[in-house]
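Have a look at the structure below before the remarks.
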Amino acid sequence: NAGVTQTPKFQVLKTGQSMTLQCAQDMNHNSMYWYRQDPGMGLRLIYYSASEGTTDKGEVPNGYNVSRLNKREFSLRLESAAPSQTSVYFCASRGTGKEQYFGPGTRLTVT
Amino acid sequence: GDSVTQMEGPVTLSEEAFLTINCTYTATGYPSLFWYVQYPGEGLQLLLKATKADDKGSNKGFEATYRKETTSFHLEKGSVQVSDSAVYFCALQANSGYALNFGKGTSLLVTP
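These protein sequences, in sequence, are chains B and G.
At the far end of the first sequence sits residue 381, using the working numbering, and the numbering has no gaps.
At the far end of the second sequence sits residue 292, using the working numbering, and the numbering has no gaps.
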């Protein structure tokens, strides 16, 4: 039981490049989330998916797109990366309780 | 809107000292409250939770009590260890919402 997994762990992009961050959970959870973590800012919600087939914007969605591929997988795409998107990205999932379970994170640097 | 305010860090303590990290919240109704811990280079782990007023969450020697009258959920530990050095996040989940609202985090360093 791996919980929430994320790939890649580290990534360096040049401005304007695109990439997709992958997230998968094996806990049969309905809800999945993408957050970004910046120094002194805590975690901010980018997008979430309350159930398979639905996605909604969070607090900071600009510059990102998401896909809920199936119940297990929720990907985050940067179409044209900008230095302001340098951050640590966390995926999380939630079952029937209120608590969320987090992946190990992807550390992204955009130069 | 809903929000969480927690004390600024960093907090530096000697091993075996008493720890308090303050957390207050603003929310309508009765949200669920959480403390998460993040060790260096890792993701967030759920430390403890409380889902209704006067509930006490506890885990690994840490405790926090959901105080509706003071809208607080302060984290405490009687005797910290070097291995407790981490960043601690207070968070709330509104009854009607899907996402967690996080505080900005409090960094704790415990020295031998």
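C-beta atoms are modelled at their ideal positions from N, C-alpha and C, and glycine is treated no differently.
(request) Measure the beta-carbon distance from B:Thr285 to B:Thr381 and round it to whole angstroms, keeping in mind my assumption that it falls under 8 angstroms. (result) 7 angstroms
(request) Kindly list, in the order they appear in chain G, the residues whose Cβ is closer than 8 angstroms to that of B:Phe360. (result) Gly223 and Leu224
(request) May I have the straight-line CA-CA distance separating G:Phe198 from B:Tyr317, to the nearest angstrom? (result) 38 angstroms
(request) Identify each residue in the region 294–310 of chain B for which the Cβ-Cβ distance to at least one residue of chain G is less than 7 angstroms, and report them in chain order. (result) Ser301, Tyr303 and Gly310
(message) Which residues of the region 258–290 of chain G have a Cβ closer than 7 angstroms to any Cβ of chain B? Give them in chain order.
(response) Phe269, Gln273, Tyr278, Ala279, Leu280, Phe282, Gly283, Lys284 and Gly285
(request) Please confirm if G:Thr208 has its CB atom under 8 angstroms from at least one CB of chain B. (result) no
(message) At the 8 angstroms Cβ level, is G:Lys229 part of the contact set with chain B, yes or no?
(response) yes
(request) Run down chain G in chain order and give the residues with a C-beta less than 7 angstroms from the C-beta of B:Glu343. (result) Residues of chain G passing the Cβ test: none, with the nearest at roughly 17 angstroms.
(message) Which residues does DSSP list as the beta-bridge partners of B:Gly312?
(response) B:Asp308
(message) Between B:Lys284 and chain G, is the shortest Cβ-Cβ distance under 8 angstroms, so that the two count as touching?
(response) no
(request) Could you tell me the distance, in whole angstroms, from the CA atom of G:Lys257 to the CA atom of G:Tyr205? (result) 20 angstroms
(request) Figure out for me which residue from B:Arg377, B:Ser350 and B:Tyr371 has the closest Cα to the Cα of B:Asn332. (result) B:Ser350
(message) Determine, for B:Leu315, whether the minimum Cβ-Cβ distance to residues of chain G falls below 8 angstroms.
(response) yes
(request) Grab me the residues of G:Leu226's own chain with a C-beta within less than 7 angstroms of its C-beta, minus the 5 sequence neighbours each way, in chain order. (result) Phe214 and Tyr216
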